[in-house]
Amino acid sequence: MKNMKKKAYETIIDHLQNILFSGAFQPGDRLPTERELASRFKASRTSVREALRQLEAQGVLEIRQGSGSYLKARPNSRPESVSFTIENEKTKLVYEMLELRRALEVECAGLAAQRAGSLDLEPIRQALLLMESTDDAELGIKADVDFHFAIVNAARNSIFAKLFETVSGHMNDTIRATRKERLLDPSRRQDTIEEHKEIFLAIASGQVQEARLSMEKHISLIRRELSLGMIDRQQVQ
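FYI, the numbering for the sequence shown is 128 to 364, going by the numbering used here.
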């Protein structure tokens with residue numbers, strides 16, 4: 128018997144389950160608005176609304192009137208698509224690396240603001256200058272890694288530095304992935320540079336809390352944009 132074509136809202140549910148299962152959003156995170164999801168999925172708001180309601184009924188989402196839809200719990204079942212499983216493992220590694228970076232780099236930014244001298248600040252400044260001046264993707268990635276590595280070194284904690292060096296290979300991969308998402312929109316290139324500049328200035332001026340907050344904001348924005356990028360790739364056909 129010929130398979131019935133899925134309704135639009137059912138297809139949206141499948142795509143959202145893939146995204147939510149991958150770890151793109153954490154419990155408590157707010158999803159994009161109905162309007163944003165409709166635009167990204169190339170679907171009607173009615174279909175998006177029904178998909179969200181179904182996921183709320185399954186206990187996956189919580190819809191708060193006037194506030195939006197929030198992830199309550201990840202879907203219980205893993206999607207069975209082989210291609211999704213492979214892609215999901217890559218995506219999971221990116222998000223796990225971002226979690227590690229948040230734990231490590233936020234603390235290091237604060238310590239660098241406390242401890243860094245002029246010799247510690249110079250490599251950070253040079254990496255930032257290269258980020259500003261180059262249009263080469265690989266040089267941009269190198270400058271990005273060097274910037275964050277220099278901050279870890281400026282924290283003057285040898286254990287942090289060794290840990291960062293150990294995971295630097297994976298970090299190259301995750302920075303490549305995040306920069307690709309960010310640079311799809313040319314306006315984000317300048318925003319990215321400004322975020323790094325804000326981190327540097329806070330460290331250079333010895334503002335411990337501001338340095339921590341700037342690094343936290345930077346990594347959170349990367350995570351958010353990766354999540355939105357995943358939604359873009361899951362457009363309803």
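By construction, the Cβ of each residue, glycine as well, lies at the ideal position given by its N, Cα and C atoms.
Taken atom to atom, the span from the alpha-carbon of H345 to that of D318 is near 10 Å. When only Cα atoms are considered, I326 and A236 end up about 8 Å apart.
Per DSSP, the unbroken beta strand (DSSP E) holding L198 starts and ends at G195 to L198. Taking all protein chains in view, the Cβ of A277 is crowded by 16 or more other Cβ atoms within 10 Å, so the residue is classified as buried. In the pairwise beta carbon analysis, the region 167-176 is classified as touching the region 131-140: at least three pairs are separated by under 8 Å.
For L188, the enclosing beta strand (DSSP E) starts and ends at L188 to R191. Ranked by Cα distance from V221, the first of N145, N299, T160 and Q253 is N299.
Here E322 is buried, its C-beta having at least 16 other C-beta atoms within 10 Å.
A contact is defined here as three or more CB-CB pairs under 8 Å, and the region 243-263 fails this definition with respect to the region 224-231. Using a Cβ distance threshold of 8 Å, R242 and R303 do not count as a contacting pair. I330 is positioned such that its CB atom lies closer than 8 Å to that of A338.
The beta carbon of A270 sits closer than 6 Å to those of A254, L257 and M258, all from its chain and outside the five residues before and after it, given in chain order.
Counting only residues of its own chain and dropping the five nearest sequence neighbours on each side, M342 has a CB closer than 7 Å to the CB of E232, V233, A236 and I326. One thing to note: L188 has its Cβ no nearer than 8 Å to the Cβ of Q153. Residue burial annotation: S196 is buried, with at least 16 other C-beta atoms found within 10 angstroms of its C-beta.
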